[in-house]
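Residue numbers (this note's numbering): 225 to 479.
First comes the structure, then the notes that go with it.
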Ligand SMILES: NC(=O)c1ccc[n+]([C@@H]2O[C@H](COP(=O)([O-])OP(=O)(O)OC[C@H]3O[C@@H](n4cnc5c(N)ncnc54)[C@H](OP(=O)(O)O)[C@@H]3O)[C@@H](O)[C@H]2O)c1
């Protein structure tokens, strides 16, 4: 497992942002179970997954310089970073753009786009410092390609993340960085609970997410994590999944 893009040797190192709960915490647990050392951050300091070696730090991804400092800390602790997952994200504000507060809109873009820009830059710079390449996964969303009424800032940021990732995949390929934007499908997290609790006046498609919940039609964080690990493997062999950069995790079969 893990081809030539990844480091030879027993311990691979992954960073996950937004690892205090939800998809990020779940991916961290799965990466730990796969034997990886971890750099985990969120505004609330993430807990160390069972049996893992991890550096866990309180980081606001929107704070200038914060992810660069965190990358330096992880490299100081573990020597290098092989896989970097920009997962931190927020849904708010929800409702028509014209009704949203200017500060809330700015904050949304600073976290969902600015945080990914900063994390991508920090990791690309790290990969350039040593041989062996690396894999970047920016967690996107179906909202990058589907215009949901009420989610203007979120949709716009995720669409920008997809294009950012496509550009960086081209720019950094010669340095051995393989970059992917991955929509995880629907994952049952606090963000999904928030979506289901939204007023239809603010988010007209709320019923669709209520029905998905009733059907239990979710991707588990472990399913998403396994997709990411498999992607990192394939990145060495053929540039990923047929060379595509923007990907969606397939639906997990029911148990
Ligand atoms: N759940 C889904 O169905 C779904 C679908 C498509 C895409 N996604 C994407 O998947 C990612 C994870 O979402 P989730 O469902 O796991 O949401 P969640 O349960 O709300 O978790 C979000 C994570 O991001 C962190 N975070 C938020 N703002 C942050 C900031 N400024 N700095 C650092 N960390 C921050 C949160 O930690 P703190 O609050 O401690 O900072 C938390 O760990 C997001 O990018 C989301 O857009 C989710």
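Heads up, the beta-carbon is just placed ideally off N, CA and C, and yes, glycines get one too.
Quantities reported herein were computed from a predicted structural model and do not represent experimental measurements.
Bridge partners - residue i, DSSP secondary structure assignment
i: residue 241; result: 265
Coarse secondary structure for residue i, derived from DSSP in three states
i: residue 465; result: strand
i: residue 315; result: coil
i: residue 470; result: strand
i: residue 254; result: helix
i: residue 450; result: helix
i: residue 458; result: helix
i: residue 477; result: coil
i: residue 246; result: helix
i: residue 226; result: Because residue 226 carries a pLDDT of 47, less than 50, the predicted location of this residue cannot be relied on, and the following value inherits that uncertainty. Residue 226 falls in the coil class under three-state DSSP.
Supposed close pair residue i, residue j - CB separation, criterion 8 Å
i: residue 307; j: residue 456; result: 6 Å
i: residue 475; j: residue 254; result: Not really, about 18 Å apart at Cβ, beyond 8 Å.
Proximity winner among the options, relative to residue i (alpha-carbon distances)
i: residue 274; options: 473, 361, 262; result: 262
i: residue 238; options: 409, 366, 377, 359; result: 359
i: residue 310; options: 241, 333, 410, 419; result: 241
i: residue 277; options: 286, 258, 400, 267; result: 258
i: residue 417; options: 248, 404, 401, 436; result: 436
i: residue 279; options: 401, 286, 295; result: 295
Contained alpha helix (DSSP H) runs [length at least 4] in the region 377-440, N- to C-terminal order
Entirely contained in the region 377-440, the alpha helix (DSSP H) runs reaching 4 residues are, in chain order, 414-420, 430-439.
4-residue-minimum alpha helix (DSSP H) runs that sit fully inside the region 270-322, ordered along the chain
Counting only runs of 4 or more, we get 290-302.
For the region 319-374, list the beta strand (DSSP E) runs that are entirely contained and at least 3 residues long, ordered along the chain.
Correct list: 358-363.
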